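Enquirer: Here the numbering used here is used: the first residue of the sequence shown is 1, the next is one more, and so on. Each residue gets a CB set at the ideal place from its N, CA and C atoms; glycine is no exception. The structure displayed is predicted, hence computed values, not measured ones.
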Amino acid sequence: MSDVTDVTDGLELGPVGQEIVYENDRVRVWHIRLEPGERQPLHRHDHPYLVVAIEGAKNVVQTVDGTRIDADEPTGGVVYRDPGAVHMLTNVGNTTYLARLVELK
1 MSDVTDVTDG
11 LELGPVGQEI
21 VYENDRVRVW
31 HIRLEPGERQ
41 PLHRHDHPYL
51 VVAIEGAKNV
61 VQTVDGTRID
71 ADEPTGGVVY
81 RDPGAVHMLT
91 NVGNTTYLAR
101 LVELK
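#1: Any chance the region 65-78 sits against the region 20-35, with 3 or more Cβ pairs inside 8 Å?
#2: Assuming L101 contacts Y49 (C-beta within less than 8 Å), just tell me the rounded distance between them.
#3: Out of curiosity, what's the CA-to-CA distance linking Y80 and E38?
#4: Give the single residue among N59, V78 and H87 whose Cα lies nearest to the Cα of E35.
#5: Is the beta carbon of L98 less than 8 Å from the beta carbon of R44?
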C-alpha cells in the first residue's frame, strides 16, 4: 500500500488506491481491492479518471460532506468521473471488489 498522503483543510487524505501498477506522463493506473466490509480511506481525485471493475461489487461512496451514494459496479463495467471529489469507498456487498482506476493526466 502506498504511504502517500495529503492534508487538505485539516483532513489527512489517503492514496487513491492500494498500489500504482503503471504510470507514464499521460496516465496513472491504480490497483484497488476491497473485501466485503472493507473501506478505502478518505482520498481526493486530482485528475479525471476511469474505473474498470474487474470483479464487481456493491459499493457505497461517502463524500467528505457526508453524502452517501450507492455505486453498484458490475464486473466489466467502466465509468468516467470528473476530478475534485473527496470521498471514501466502502464495499457493502458480499463479494470482493477488484478494479483498475485510470487517472488521465
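Expert: The relevant details are as follows:
#1: no
#2: 6 Å
#3: 23 Å
#4: N59
#5: No, Cβ-Cβ distance for L98 and R44 is not below 8 Å.
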